[in-house]
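Remember, the UniProt record's numbering sits 18 above the position in the sequence shown when you count from 1.
Where a beta carbon is used, it is the ideal one built from N, C-alpha and C, also for glycine.
Here is the structure we will look at.
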Amino acid sequence: VKFVYDFTEGNKDLKDLLGGKGANLAEMTNLGLPVPPGFTITTDACKVYLDSGEEPAALRDEVSAHLDALEQRMGKKLGQADDPLLVSVRSGAKFSMPGMMDTVLNIGLSDKSVQGLAKQAGDERFAWDSYRRLIQMFGKTVLGVDGDLFEDALEKAKETKKVAVDTELDAADLKKLVTKFKKIVKTEAGRDFPQDPRTQMDLAIKAVFESWNGDRAKLYRRQERIPHDLGTAVNVCSMVFGNLGPDSGTGVAFTRDPASGHQGVYGDYLQNAQGEDVVAGIRNTVALAELEQIDKKSYDQLMQIMETLENHYKDLCDIEFTIERGQLWMLQTRVGKRTAGAAFRIATQLVDQGLIDEAEALQRVTGAQLAQLMFPRFDDGARVGQVGRGIAASPGAAVGKAVFDSYTAVKWSRSGEKVILVRRETNPDDLDGMIAAEGILTSRGGKTSHAAVVARGMGKTCVCGAEDLEVDTKRRRMTVPGGHVVEEGDVISIDGSSGKVYLGEVPVVPSPVVEYFEGRMHAGADDADELVQAVHRIMAFADRKRRLRVRANADNAEDALRARRFGAQGIGLCRTEHMFLGDRRELVERLILADTEAEREESLKQLLPLQKKDFVELFEAMDGLPVTVRLLDPPLHEFLPDITELSVRVALAESRQEPHENELRLLQAVHRLHEQNPMLGLRGVRLGLVIPGLFTMQVRAIAEAAAERKAAKGDPRAEIMIPLVGTVQELEIVREEADQVIAEVEAATGTRLKLAIGTMIELPRAALTAGQIAEAAEFFSFGTNDLTQTVWGFSRDDVEASFFTAYLEKGIFGVSPFETIDKDGVGSLVKSAAKAGRATRPDLKLGVCGEHGGDPESVHFFHEVGLDYVSCSPFRIPVARLEAGRAAS
Ligand code: PEP
Ligand code: MG
Numbered sequence: 019v020k021f022v023y024d025f026t027e028g029n030k031d032l033k034d035l036l037g038g039k040g041a042n043l044a045e046m047t048n049l050g051l052p053v054p055p056g057f058t059i060t061t062d063a064c065k066v067y068l069d070s071g072e073e074p075a076a077l078r079d080e081v082s083a084h085l086d087a088l089e090q091r092m093g094k095k096l097g098q099a100d101d102p103l104l105v106s107v108r109s110g111a112k113f114s115m116p117g118m119m120d121t122v123l124n125i126g127l128s129d130k131s132v133q134g135l136a137k138q139a140g141d142e143r144f145a146w147d148s149y150r151r152l153i154q155m156f157g158k159t160v161l162g163v164d165g166d167l168f169e170d171a172l173e174k175a176k177e178t179k180k181v182a183v184d185t186e187l188d189a190a191d192l193k194k195l196v197t198k199f200k201k202i203v204k205t206e207a208g209r210d211f212p213q214d215p216r217t218q219m220d221l222a223i224k225a226v227f228e229s230w231n232g233d234r235a236k237l238y239r240r241q242e243r244i245p246h247d248l249g250t251a252v253n254v255c256s257m258v259f260g261n262l263g264p265d266s267g268t269g270v271a272f273t274r275d276p277a278s279g280h281q282g283v284y285g286d287y288l289q290n291a292q293g294e295d296v297v298a299g300i301r302n303t304v305a306l307a308e309l310e311q312i313d314k315k316s317y318d319q320l321m322q323i324m325e326t327l328e329n330h331y332k333d334l335c336d337i338e339f340t341i342e343r344g345q346l347w348m349l350q351t352r353v354g355k356r357t358a359g360a361a362f363r364i365a366t367q368l369v370d371q372g373l374i375d376e377a378e379a380l381q382r383v384t385g386a387q388l389a390q391l392m393f394p395r396f397d398d399g400a401r402v403g404q405v406g407r408g409i410a411a412s413p414g415a416a417v418g419k420a421v422f423d424s425y426t427a428v429k430w431s432r433s434g435e436k437v438i439l440v441r442r443e444t445n446p447d448d449l450d451g452m453i454a455a456e457g458i459l460t461s462r463g464g465k466t467s468h469a470a471v472v473a474r475g476m477g478k479t480c481v482c483g484a485e486d487l488e489v490d491t492k493r494r495r496m497t498v499p500g501g502h503v504v505e506e507g508d509v510i511s512i513d514g515s516s517g518k519v520y521l522g523e524v525p526v527v528p529s530p531v532v533e534y535f536e537g538r539m540h541a542g543a544d545d546a547d548e549l550v551q552a553v554h555r556i557m558a559f560a561d562r563k564r565r566l567r568v569r570a571n572a573d574n575a576e577d578a579l580r581a582r583r584f585g586a587q588g589i590g591l592c593r594t595e596h597m598f599l600g601d602r603r604e605l606v607e608r609l610i611l612a613d614t615e616a617e618r619e620e621s622l623k624q625l626l627p628l629q630k631k632d633f634v635e636l637f638e639a640m641d642g643l644p645v646t647v648r649l650l651d652p653p654l655h656e657f658l659p660d661i662t663e664l665s666v667r668v669a670l671a672e673s674r675q676e677p678h679e680n681e682l683r684l685l686q687a688v689h690r691l692h693e694q695n696p697m698l699g700l701r702g703v704r705l706g707l708v709i710p711g712l713f714t715m716q717v718r719a720i721a722e723a724a725a726e727r728k729a730a731k732g733d734p735r736a737e738i739m740i741p742l743v744g745t746v747q748e749l750e751i752v753r754e755e756a757d758q759v760i761a762e763v764e765a766a767t768g769t770r771l772k773l774a775i776g777t778m779i780e781l782p783r784a785a786l787t788a789g790q791i792a793e794a795a796e797f798f799s800f801g802t803n804d805l806t807q808t809v810w811g812f813s814r815d816d817v818e819a820s821f822f823t824a825y826l827e828k829g830i831f832g833v834s835p836f837e838t839i840d841k842d843g844v845g846s847l848v849k850s851a852a853k854a855g856r857a858t859r860p861d862l863k864l865g866v867c868g869e870h871g872g873d874p875e876s877v878h879f880f881h882e883v884g885l886d887y888v889s890c891s892p893f894r895i896p897v898a899r900l901e902a903g904r905a906a907s
């Protein structure tokens, strides 16, 4: 294998091997752009080093050969005393990883060559400043010396000299500083700063390899779900200097605005400086446009290069450049990060420019970005009362009463209050409170703190590390700058997109994208916001491309109508249990408690017209589109009062000697129906089989509702779905009864109803015997919630709040299997069941209605295994449409 690639040998598609930076440096080199010569050591070399603790045997010679070639080209040797070649050593993984060791500049400088550099550059100060930077960076990143020690020494030098900025230190001061820095290295690292240039370079390369397994890098990878075995590449690049006088400088630029996508000149420039100075904020940068006045030739060349890059990458690029004495050099480029809104805008702009086609445009946006655009935001005009600012950890706008512990958060939210959980920092014990809260605010911790990570996972608004706020959880209050005290119960507002914290209630405005989906804003209108226009077009691309249909999980007309506005092509799951609550609970109670056939029939008779009305409304809302109605699923005890509450009531009545016959009867029934494991108990089809008349009442209601809609010239398309089937026999029995009821209704009303009957596949046995089940089912809908629960043996109601954080931290899975389909386990059952079902019945309709139906990654999976549709909650329909389109293009 080859471990080292010259910049002339690579290209942008070799990111696995050369890392993002190396691949793009090679690409620019091959485009003929001015890139300082250099070479890249591959991720393979890093992997060997990490596995064995040693560099691959061939690496040293390969590096020597490439260094020789570089020296020849540059006409000077690394660290040459009278005219040194200097290089930078930078890490560069496949994915950019800000948590990692970055850069060592000026490698090749030593006590001797610093003199040569001074002479060559005609600038003694510059040479000594470069040398002290090398010792500082090398000491910190390669030898592990605490960086503050160097910073402190630098501060002290400035104090002694009574100057404010380091540019005011002269060569003599810097010379002294170099001596001091070398002393720091000697004491802290227990070795001299190496004078041999090749030793400097080799140690820096090794340090980059090792940085892959640094704590911050590992944590970052876990959070961003970057595999741990990729390794990093190392780029060795000849140095160019932006700090050689006013005709030098350094800058960053975007080929278009990363916020709006508009084309133009976006970037910053800093005269007479190195890249590090920009980051350190020592002096203020100027807008890139000003470079035109400073150095027109370089400016024009830069504009040209940016155009070349955009046309070549066909995307927004960000770049870093340096001008050394009037000569422009490109130090880095990559496809630039952008806001969610800009992603949509840029994708359509590039289509209009003819750079990409519709299919490619769909690859430039994600469902997650669309979801982000659907969050409500704070009203810009009404943002008053800002009291603090933290890190924007998880987007959204949240308003609520401040509470300072999880218990209160849960208690208050149960009683209908909106709360913001305020903590110094959160830990796994706060999970319940985080779930209950509208948003989370912490005064400590960064983007990778527990609060931030968990909130992002839950899609909950979070601001963390707002250090200006003094949180006192004991006294349940927080003090904001200026001394104002926020007590428990005071309303605050937090903006997870900007990190800002406000006192009181900041009005929230709905997202324009949601307004558009709701039909309250028309993309065709002249004043349509550019963003909405872009979303509108991308959605059209997606709808044209996708094969999967998208339905909604909805069980009332209101949700159904919204779903329709959002683009639903039917209802994939109407859960009828929601129709048995409220006023009807009493009827259900009577049904459950009935002692005689007559009593039971009476309750069913009363429920029938109510159920029918529900369905008439639903079929009307979804006229012309399929509506899958699922018969009653949950265990009956869910419709009865809580056992403890009821026991107390009975005991109280007893002690007061009040009549309590009914309560007693109820209590007996609750005891009778009580199950240790209700999720695996008397529910779903099992209910239908043991409670006479229940399912047939529901079927009758569906059939009569459909007949009524037909009579009203409607186009009802009902489908009846049986839950929790494990064997075809269960389905056959229910089906026979249902067919009979339907036939009766058809005869009575004189209409042909064409009601399809199908089943959920949500138990492993159902999936394993799908071929048999398909004999009795006209459609399957995969219930991936229960299927995940039963395949993993994870209680879906408990595990996420109990041990999943630990599982995620240990990397057992990167994301909850209840959120994204577990392809290898649950997914493989879906795949084989789909195949077996279709083998029995080629026209078997296949869908999914578990939560996964609206999850981007899962949608791609369902596309791949050939399902006909996904069904998800109304709000996720646009995301599902988009991802289905992306999956198909
Ligand atoms: C499922 O199990 O995936 C499903 C959709 O049904 P429910 O969530 O109602 O159990
Ligand atoms: Mg289920």
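Residue i beta carbon near the ligand PEP (any heavy atom closer than 7 Å)
{"i": "Arg-894", "result": "no"}
{"i": "Asp-295", "result": "no"}
{"i": "Asn-302", "result": "no"}
Extent of the continuous alpha helix (DSSP H) to which residue i belongs
{"i": "Pro-874", "result": "874 to 882"}
{"i": "Ser-820", "result": "817 to 820"}
{"i": "Ala-854", "result": "846 to 858"}
{"i": "Arg-618", "result": "615 to 639"}
{"i": "Ile-341", "result": "Where Ile-341 is concerned, there is no enclosing alpha helix (DSSP H), although the beta strand (DSSP E) it sits in stretches over 335 to 342."}
{"i": "Val-553", "result": "548 to 563"}
{"i": "Met-715", "result": "712 to 729"}
{"i": "Gly-40", "result": "33 to 48"}
{"i": "Ser-128", "result": "That residue, Ser-128, is in no alpha helix (DSSP H); it is neither H nor E in DSSP."}
Status (buried if at least 16 other CB within 10 Å, exposed otherwise) for residue i
{"i": "Gly-744", "result": "buried"}
{"i": "Arg-648", "result": "buried"}
{"i": "Leu-320", "result": "buried"}
{"i": "Leu-670", "result": "exposed"}
{"i": "Leu-599", "result": "exposed"}
{"i": "Leu-237", "result": "exposed"}
Three-state secondary structure (DSSP) of residue i
{"i": "Trp-230", "result": "coil"}
{"i": "Phe-393", "result": "coil"}
{"i": "Cys-890", "result": "strand"}
{"i": "Pro-835", "result": "coil"}
{"i": "Ser-70", "result": "helix"}
{"i": "Thr-769", "result": "coil"}
{"i": "Met-452", "result": "helix"}
{"i": "residue 17", "result": "The structure shown does not extend to residue 17, since the chain spans only 19 to 907, so no value can be given for it."}
{"i": "Arg-243", "result": "coil"}
{"i": "Gly-500", "result": "coil"}
{"i": "Cys-64", "result": "helix"}
{"i": "Ala-612", "result": "coil"}
{"i": "Gly-359", "result": "helix"}
Distance CB(residue i)-CB(residue j) smaller than 8 Å
{"i": "Gly-157", "j": "Val-203", "result": "yes"}
{"i": "Gly-385", "j": "Val-509", "result": "no"}
{"i": "Val-866", "j": "Phe-797", "result": "no"}
{"i": "residue 12", "j": "Arg-243", "result": "The shown model of the chain, from 19 to 907, leaves out residue 12, and the question about it has no answer."}
{"i": "Asp-62", "j": "Leu-35", "result": "yes"}
Contact test: residue i Cβ vs the ligand MG heavy atom, cutoff 7 Å
{"i": "Gly-872", "result": "no"}
{"i": "Met-778", "result": "yes"}
{"i": "Asn-329", "result": "no"}
For residue i, the first and last residue of its enclosing beta strand (DSSP E)
{"i": "Cys-255", "result": "250 to 256"}
{"i": "Ala-346", "result": "Going by the sequence as given, residue 346 is Leu instead of Ala. Element bounds for Leu-346: 345 to 353."}
{"i": "Glu-737", "result": "735 to 740"}
{"i": "Asp-24", "result": "22 to 24"}
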